[in-house]
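> This is the structure I want to talk about, given as structure tokens.
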Amino acid sequence: MNSRNKNLYRALLLLAFVGINAAILFGIGAIWVYMNSGADKASILHLTAGAEDNYQPRMEWEELENEGRPMEQQTLLDIQKDYLRSWYVRNVAFASNDPYGLDDYFTDSMRVKLKRILEFNRTSGTTVKQTTLAHHPKLEFYSSDGKLVVFTDQDVESFNEVWQGEEKLHTARQINSYRVLMLLEDGFWRIRHFEEIETPEENISNQSVVSSGNLKDLKGVNYYPAQNPWDTFGVDFNEDTIEADFQKINQMGLNTVRIFIPYQDFGEAEINEEKLDKLKKVFDLAAEADLLILVTLFDFYGDYDLMDWNRTHRHAETIISSFKEHPALLGWDIKNEPDLDFESRGKAGVLAWLEEMIRQIKKIDPDHPVTIGWSSANAANNLAEQLDIISYHFYESPEMFAPSLSELRSHINNKPVMISEFGISSYSGIWNAFTGSEEDQANYYSKMVSHFEKDNISFLSWTLYDFENIPVEVVGRFPWRRAPQKSYGIIGNDGRIKPAYEIMEMTQKK
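When you line the sequence shown up against full-length UniProt numbering, it's residues 1 to 510, in that order.
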């Protein structure tokens, strides 16, 4: 019996020994295969799946007429991918003074230079935040063995922030050109040489494309369907409803509607095709009703971080390219009331994002006016030089309108002015001590329209309809804020015409 147990133990030990060695050999083999398989860097570096998606500067290669062997399309895509990732990891490194990730995109000599700069910045307590916005590479040479490329990256547009601890010392938009040499190592393209070269001066025109003469006759409303406010393009999208509403607006003698594009709902950088199709239908219905559309972009957006700039640029690029030639397009309103983000996100950061977005939009569509829907006249002098229309919202007493307009005009160099929101709630209830009424609303409209017509100012009322349901994201949960917001319309949510409607309708007869 003892002899049998000993044999059993020996057999078990032998099997265990063989099993352990097999596992070790399998592991070594798996590692060897993995290291030689050209695995995606995003899976083995600090790069997450979203990192590549977040970094999307415009990349436009010049026609390939390089020396050496012809460039394969897939190889060009691989070079572009690793080149942009090199910018991304370098930007991350300089923002944190941490060299992690540089080894995978730069050769030894380049890493030494970059790490020396990082060490100096770390010692001095300085960090540099940067994003590139556009690249225009031109391939110069591709070696016969397919392992070396040389190209010039011309007119690289970038935005930089220099920080000392928590204090922002300097911001700058720059345009630089570089000569780049990349080597293929271990299946990845790494930067071996990177030097700045001379860049011709940028030629950007800030001239307005519109004049006050062709804006003074614009009058209309901010538009949401009555049953799905702040969600025009959602699951309840109804062409028949929108068509009837647009015809109603036309019959009032109005000619303009302002609509809103929610950034996240439309897919952020990757635009949702279904949403884009719905927007196309809205444009077509507006054209059929002889209405112009002022498109307000980036609704419910509030990031403005440098690392997010490229995604917002790709969002705007898709929408603007899709509709810049549509006959119903009036112009582009970059964002609704961005000045309300000054305190939480920092005024300088918000204005920098807006200024660059103006530049990006004008590159894509130089033929339509660009504006920003500021929350008040006090904020509307921001970026006035770069905008084509100065638009702001007015919800104060009519007696305050003329003085505030006069003060604004002293700062905007005769730019045309539009009041892109005005109005007053007809709500009368416990939350405003029963002080409101539809008659008061009509009286307010009458006084405001008189001001607009006297000064030849375009105007858009807030809003066409009363709303039964207001999203929490818009005004919060407090009933004293929600209740009045439901009654700003000139038409009740039951379709009943309110006296203010007649004031708007009368504007066509004057």
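Quick reminder that beta carbons are idealized off the backbone N, C-alpha and C, glycines included.
1) Does the region 397-409 touch the region 353-360, meaning 3 or more C-beta pairs lie closer than 8 angstroms?
2) Could you compute how far the alpha carbon of SER158 sits from the alpha carbon of PRO338?
3) Can you have a look at TYR301 and say buried or exposed, based on whether 16 or more other CB atoms are within 10 angstroms of its CB?
4) Starting from the C-beta of ARG311, find all residues in its chain whose C-beta is less than 7 angstroms away, skip the five residues before and the five after it, and write them out in chain order.
5) So the candidates are GLU274, GLY349, PRO262, LYS278; which of them puts its Cα closest to the Cα of TYR304?
6) Is it the case that the region 469-480 contacts the region 232-249, given that we only count it when at least three CB pairs across the two stretches are under 8 angstroms?
7) Going by the DSSP bridge assignment, what does ASP108 pair with across the sheet?
8) How many angstroms separate the CA atom of ASN222 from the CA atom of ILE412?
9) Around the Cβ of ARG496, are there at least 16 other Cβ atoms within 10 angstroms (buried) or fewer (exposed)?
10) Can you give me the C-alpha to C-alpha distance between PRO225 and TRP462, rounded to a whole angstrom?
11) Consult DSSP for LEU405 and reduce its assignment to one of helix, strand or coil.
12) Please state the DSSP three-state secondary structure of ASP440.
13) Does the region 66-84 come close enough to the region 323-337 to have 3 or more Cβ pairs within less than 8 angstroms?
14) One question on the structure: do ALA93 and GLY101 come within less than 8 angstroms of each other, judged by their Cβ atoms?
15) Going by DSSP in three states, GLN247 sits in which element: helix, strand or coil?
16) Please determine, among VAL150, TYR142, THR123, ASN160, the residue with the shortest C-alpha to C-alpha distance to LEU133.
17) Tell me the residue span of the alpha helix (DSSP H) that contains LEU387.
18) Taking all protein chains shown into account, decide if ASN336 is buried (16 or more other Cβ within 10 angstroms of its Cβ) or exposed.
19) Identify the continuous alpha helix (DSSP H) that holds PHE94 and give its terminal residues.
20) Once you ignore the five residues that flank MET448 on each side, which residues in its own chain have a CB closer than 6 angstroms to its CB?
21) For PHE260, does the three-state DSSP call read helix, strand or coil?
22) Does the beta-carbon distance from MET59 to LEU84 come in below 8 angstroms?
23) To which residues of the same chain is TYR34 closer than 6 angstroms at the C-beta, ignoring the five residues directly before and after it?
24) Can you find the residues in the same chain that come closer than 6 angstroms, C-beta to C-beta, to LEU64, ignoring five residues on each side of it along the sequence?
25) Could you check whether the region 184-201 touches the region 435-452, counting it as contact only if at least three pairs of C-beta atoms, one from each stretch, sit closer than 8 angstroms?
26) For ILE249, which residues of its own chain have a beta-carbon under 8 angstroms away from its beta-carbon, when the five flanking residues on both sides are left out?
27) Taking 6 angstroms as the limit between beta carbons, can you name the residues of its chain near MET182, skipping five residues before and five after?
28) Kindly indicate which residue of PHE401, ASP367, GLU385, ILE364 has the alpha-carbon position closest to the one of ALA377.
29) Three-state secondary structure (DSSP) at SER322?
Reading off the structure:
1) no
2) 23 angstroms
3) buried
4) ASN54, GLN56, GLU268, ALA269
5) GLY349
6) no
7) Looking at the DSSP assignment, ASP108 forms no beta bridge with any residue, so it has no partner.
8) 25 angstroms
9) exposed
10) 13 angstroms
11) helix
12) helix
13) no
14) yes
15) helix
16) ASN160
17) Counting along the chain, LEU387 falls outside any alpha helix (DSSP H), and DSSP gives it neither H nor E.
18) buried
19) 73-96
20) PRO398, PHE422
21) strand
22) yes
23) Because TYR34 sits at a pLDDT of 44, beneath the cut-off of 50, its placement in the model cannot be relied upon, and the following sentence gives the value as read from the coordinates. Cβ within range, chain order: n/a, list empty.
24) MET71, LEU139
25) no
26) GLY220, VAL221, TYR223, VAL257, ALA289, LEU291, LEU464
27) VAL149, TRP189, ILE191
28) PHE401
29) helix
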